[in-house]
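Inspection log for the structure reproduced underneath, given as structure tokens.
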Amino acid sequence: MALKHGGIIRIAYVRLALNDSRLRQAQFFYCESLGLVETSRQPDRLYLRCWHEAFPYSLVLDEAPENRLVEIGFQVRDTGDLALLTSKVEQAGVAITREPAGVLSGMGESVTFAIPGGPTLRLFAELSQTGYMTGFDSPDWVTPRALRGTPAPFFLNHAGITVADPKAAVDFLTQALGFVISERIDSNDGKKLLSALVFRMQKEAGGQELAIFPGPAGRLHHIAFTKEDPNDILIDGQYLREAGVNIDIYGPTRQSYGKTFSLHFHDPFGVRLELCSGGRITEVHPEFEAVRWTESQLGKALSYFDRDLQAAFLEPSL
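When you read off a place in the sequence shown, starting at 1, and then add 9, the result is the number in the working numbering.
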């Protein structure tokens with residue numbers, strides 16, 4: 010009998026609202042400059058995915074009067090697990106909204122709720138699978154020709170969010186939803202949790218599906234996409250600069266917090282994006298232990314080569 014992972018099985022998408030007429034500017038940036046693929050479009054919504062993803066979207070963009078994070082979607086194993094997790098969230102005292110199939114293209118029934126002091130999450134079990142761009146039969150695992158000359162990331166890796174109380178948010182994520190802490194940053198006296206990286210499934214880069222930072226409730230810190238290796242990211246930095254993209258404070262660097270090689274940059278709406286590769290291998294097992302950082306080592310944690318803390322990096326981007 011094959012092993013079946015229960016509960017949350019992957020981070021599925023990040024959904025943003027952008028003040029962008031017909032989403033023209035967003036489509037140009039994310040497709041032409043970053044190398045995502047448009048899979049479908051509605052009058053006020055754009056669905057995008059990475060070329061290495063089998064599902065129809067990992068980034069959903071809505072046209073709206075103001076820029077904001079709408080929600081982060083997670084897929085669960087089946088409808089039974091969706092019901093079980095819904096019950097656990099309600100037992101934690103968090104209000105649930107149940108929604109019918111079709112809220113997003115191809116999606117079955119879902120539930121939404123807010124992380125304590127944080128953004129909205131959506132859980133669902135069913136989503137139509139469109140398949141890899143390179144197919145399932147003897148695929149060529151190389152970047153499709155149309156995307157060459159752009160970063161063309163493999164797949165969505167994680168989302169960074171800000172919350173009013175990191176401990177309360179992390180307690181909820183671990184106790185109600187089954188996340189595990191990969192790494193954490195504590196105050197120097199060890200009495201206060203400042204930040205954490207949490208994951209549900211083994212990750213090829215970074216060991217996280219959510220990165221929790223202190224800050225205004227429910228804001229977006231960044232969206233991260235996976236690349237194969239550091240050499241790719243160095244070249245991608247050149248593609249982005251050539252396209253006039255704003256590289257963030259920490260350019261290509263070893264980000265010790267998560268053990269990735271990362272490049273941070275901004276889209277035209279101020280959204281901080283990350284390309285990352287490598288990372289600590291994480292897998293849920295009884296002896297797994299989180300890496301611990303202290304506030305005094307925050308500079309080293311965020312950028313090994315710089316070491317000096319750039320406080321602006323901790324601010325939400327949306």
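Don't be surprised by glycine CBs; every beta carbon is placed ideally from N, CA and C.
Range of the contiguous alpha helix (DSSP H) that encloses residue i
i      : result
Val280 : Per DSSP, Val280 belongs to no alpha helix (DSSP H) and is neither H nor E.
Tyr248 : 239-251
Val207 : Careful: Val207 lies outside any alpha helix (DSSP H), inside the beta strand (DSSP E) at 202-208.
Thr95  : 88-100
Ala35  : 33-36
For residue i: DSSP bridge partner residues
i      : result
Phe83  : Ile20, Leu132
Ile190 : Val207
Asp195 : Leu202, Thr303
Asn255 : His275
His294 : DSSP output for His294 lists no bridge partner at all.
Ser137 : Ser137 is not bridged to any residue.
Val151 : The partner list for Val151 (beta bridge, DSSP) is empty, contrary to what the question assumes.
Gln264 : Thr269
Which listed residue (the options) has its alpha carbon closest to that of residue i
i      : options                        : result
Ser204 : Cys40, Ala310, Glu99           : Ala310
Tyr313 : Asp257, Gly267, Pro295, Asp276 : Gly267
Pro128 : Arg263, His294, Arg193, Val23  : Val23
Val120 : Thr262, Thr95, Val207          : Thr95
Glu292 : Pro52, Val189, Leu282          : Val189
Gly123 : Leu182, Pro261, Gln306         : A small correction: the amino acid at residue 123 is Ala; Gly does not occupy that position in the sequence shown. For Ala123, the nearest C-alpha among the options comes from Leu182.
Ser137 : Cys40, His275, Ser67           : Ser67
Ala177 : Ala299, Ser326, Gly102, Val300 : Gly102
Lys97  : Ile17, Val254, Ser191, Lys236  : Ile17
Glu108 : Thr152, Glu304, Arg131, Arg193 : Arg131
Ala134 : Thr48, Arg19, Phe38            : Arg19
Ser326 : Ala155, Lys236, Asp257         : Asp257
Thr139 : Pro277, Ala63, Leu282          : Ala63
Leu249 : Ser265, Glu237, Pro277         : Pro277
Val179 : Thr106, Ile194, Glu99          : Ile194
Leu323 : Gly187, Leu282, Leu32, Thr171  : Thr171
Arg209 : Phe297, Gly126, Leu307, Arg31  : Phe297
Residue i in three-state terms, based on DSSP
i      : result
Glu41  : helix
Leu25  : strand
Glu304 : helix
Ala161 : coil
Ser30  : helix
Gly127 : coil
Leu57  : strand
Gln184 : helix
Arg289 : coil
Ala63  : coil
Leu229 : strand
Phe270 : strand
Leu327 : coil
Leu78  : strand
Thr122 : Correcting the residue type first, residue 122 is Phe in the shown sequence and not Thr. DSSP places Phe122 in strand when its eight states are reduced to three.
Phe234 : strand
Phe314 : coil
Phe145 : coil
Met10  : No answer about Met10 holds up, because its pLDDT of 37 lies below 50 and its placement is not dependable.
Leu113 : coil
Val103 : coil
Delimiting residues of the beta strand (DSSP E) encompassing residue i
i      : result
Gly169 : 165-172
Asp71  : 68-72
Thr48  : 46-51
Phe222 : 219-223
Glu118 : Unbroken run through Glu118: none, as it is neither H nor E.
Thr106 : 106-108
Inset, instruction - Count the C-beta pairs between the region 238-250 and the region 282-295 that are closer than 8 Å, then say yes if the count reaches three, no if not. - result: Counting C-beta pairs with one atom in each stretch, the region 238-250 and the region 282-295 have three or more that are closer than 8 Å, which means they touch.
Legend entry - Any 3 or more C-beta pairs closer than 8 Å across the region 111-119 and the region 50-67: Judged by Cβ distances under 8 Å, the region 111-119 makes contact with the region 50-67, as three or more pairs qualify.
Inset, instruction - Tell me, please, whether the region 215-232 touches the region 154-161 by the rule of three or more beta-carbon pairs shorter than 8 Å. - result: Touching, no.
Legend entry - At least 3 beta-carbon pairs within less than 8 Å: the region 67-76 vs the region 14-30: Touching, yes.
Inset, instruction - Taking 8 Å as the threshold, find out whether the region 30-43 comes into contact with the region 82-93 through three or more Cβ pairs. - result: Judged by Cβ distances under 8 Å, the region 30-43 makes no contact with the region 82-93, as fewer than three pairs qualify.
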